[in-house]
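One structure is given below, encoded as C-alpha cells.
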Amino acid sequence: MFSEELRKYDWDDVTTRIYAKTEVDVRRALIPGRRCDIEDFMALVSPAAEPFLETMARLSRRYTEERFGRTISMFVPLYITNSCTNSCVYCGFHVANKMKRIILTEEEIVNEYRAIKRLAPFENLLIVTGENPVKAGVPYIARALDLAKPYFSNLKIEVMPLSTEEYAELRHHGMNGVICFQETYNRANYNLYHPRGMKSNFEWRVNSFDRMGQAGVHSIGMGVLIGLEQEWRTDITMMAGHLRYLQHHYWRTKYSVNFPRMRPSENGGFRPNCIMTDRQLAQVTFAMRIFDHDVDISYSTREPAALRDHMATLGVTTMSAASKTEPGGYFTYPQALEQFHVSDERTAAEVEIALKATGREPVWKDWDASFDNTTLISG
Ligand code: SF4
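920 is the number of the first residue of the sequence shown in this note's numbering; add one for each residue after it.
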C-alpha cells in the first residue's frame, strides 16, 4: 500500500531537495526524449526552473500533441448531494455548517441528467457527493449510475473512499473511473484540515488508490488542493511519486491529475496558506507533462477562462464546462449553496468555440460502455 511507500519520504527533506535544485538539474530534465524520474520532477517544479518556462511550455506542447493530438476531452460534474459527515475546515459543506442538506431523489437525478444533455452533447459525466455513507452510500451511488447509463457513455465518481469490493461493485453499475483528491500528502498537517469524520483517516484515504487499482477501475484521478500547504511544490512532488507508484503497480489503469487552486467561497473562513500564481500553475502543468507524457491533465472551471484556453494548447487534455457546484444545480435547486464559486462561467458552447479558435478539438465522447463490458467478460 502506498502509505508504507510514503513513509520513506520525509516532507522536510523533500522540500529541501526541491529548493536545492540548480540550473544544471533543470537543463538535464529538459533533454528532449529523456524519461524523467522524480528528481527531474523536483527540478522542474523548483524555483530554479522558473527562467525556463518558455522551454518547458514548448516541450510540454510537443509531448502532449504527440500523445493526444489536439483533442480536449470534455466532461461535466453533477453534485447529487451535499450531505457530508466530515469537517474539512476549508469547505462550506462541512458537517457543522447549519445549511440545507440535499440528497437528490431518483426523479431529480434524472431531471439533472436531462438538463445537462440540453446544455451540450456531454457523454463524460462526473457524479459528485459529499461523504455520508449512511444516507448517500454505495447503494445510492449505484442507483445514480444505473439511471445515468441511458444518457452518458462514460461515468466517473468523486465520492468517499470505498473498499476494493465496493469499487468492484460499482464497476458493475457502469462506473468507469474514480477521482479522489488526497488534498495533501503532509501527514503531519493532514488532521489540521480534516479533524473529524472518516476523512480524518489519512491512511484510508491515501490507500484508496491502491484499492481502486485492485478493483480494476479503468481510470483514476488524483489531486492536491493548492492552498493548504505552503510548500505546494512538495505536495505536488509527492503526488507525482504516488502517480508513478500506481502506474508501476496498476499498469492497466489510465491516470489523470489535477491541481485545484482553492477558490474564495469554498473556504468557509479558511485562509489559504499559499497563493499559487498563474505562472506557477503553468510551471507545474508543464512539469507534469514532461514527467509523464501519458497522464491526462485536467483543468476545471475553478480556473479563469483565458488561462484555460491558453493552457489547452500547452498540456491540458481534459476540461469541464458549464459546471454547477451545488446539488441539483442544473435544474432542481439552482439556488442551493454551491461548494465553491467557479471562475469560468461560460456556457459549454462558448467554451467549445473558444477551444476551436485555439486549434483544439473538443471531444464529447471518447469512451463507450461496451468497452468495459468486454473487459469484464475477458477479465
Ligand atoms: S471537502 Fe468533501 S468531504 Fe470535506 S466537508 Fe466538503 S464535501 Fe465533505
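The C-beta atom is built at its ideal place from N, Cα and C for all residues, glycine as well.
Exercise. Whose beta carbon lies closer than 6 angstroms to any heavy atom of the ligand SF4, going through the chain in order?
Worked result: Cys1003, Asn1005, Cys1007, Cys1010, Phe1012, His1013, Gly1049, Glu1050, Lys1118
Exercise. Exposed or buried, Trp1286, counting other C-beta atoms within 10 Å across all chains shown (16 or more means buried)?
Worked result: buried
Problem set entry | Of the listed residues Val1053, Ser1072, Pro951, Tyr1164, nearest to Phe1290 (C-alpha basis) | Ser1072
Exercise. How many Å lie between Thr1172 and Pro970 at the Cα?
Worked result: 35 angstroms
Exercise. What number of angstroms, rounded off, separates the C-alpha of Tyr1112 from the C-alpha of Val1143?
Worked result: 13 angstroms
Exercise. The beta strand (DSSP E) with Ile937 in it runs from where to where?
Worked result: Note, Ile937: premise wrong, no beta strand (DSSP E); alpha helix (DSSP H) at 930-938.
For this session: Taking 8 angstroms as the threshold, find out whether the stretch 1002-1013 comes into contact with the stretch 953-968 through three or more Cβ pairs.
Result: no
Exercise. What distance in whole Å lies between the Cβ atoms of Arg1279 and Ile991, which are believed to be in contact at a cut-off of 8 angstroms?
Worked result: 5 angstroms
For this session: Indicate the three-state DSSP secondary structure (helix, strand or coil) for Gly1142 in the structure shown.
Result: strand
For this session: Please say whether Ser922 and Glu1122 have beta carbons closer to each other than 8 angstroms?
Result: yes
Exercise. Expressed to the nearest angstrom, what Euclidean distance is found between the alpha-carbon atoms of Ala1273 and Asn1043?
Worked result: 20 angstroms
For this session: Flag Thr1277 as yes when its Cβ comes closer than 7 angstroms to any non-hydrogen atom of the ligand ADP, and as no otherwise.
Result: As far as ligands go, the structure on display features the ligand SF4 and does not contain the ligand ADP.
For this session: Indicate whether Glu889 and Thr934 have their beta-carbon atoms separated by less than 8 angstroms.
Result: The displayed coordinates of the chain run from 920 to 1298. Any statement about residue 889 would go beyond what the structure contains.
Problem set entry | Chain-order list of residues whose beta-carbon lies under 6 angstroms from that of Ser1242 (same chain, five-residue window excluded) | Pro996, Thr1220, Val1261
Exercise. DSSP state of Lys1054, grouped into three classes?
Worked result: coil
Exercise. Is it the case that the Cβ atoms of Ala1047 and Tyr1086 are separated by a distance below 8 angstroms?
Worked result: Checking the sequence shown, residue 1047 turns out to be Val, not Ala. Not in contact: Val1047 and Tyr1086 (Cβ atoms no closer than 8 angstroms).
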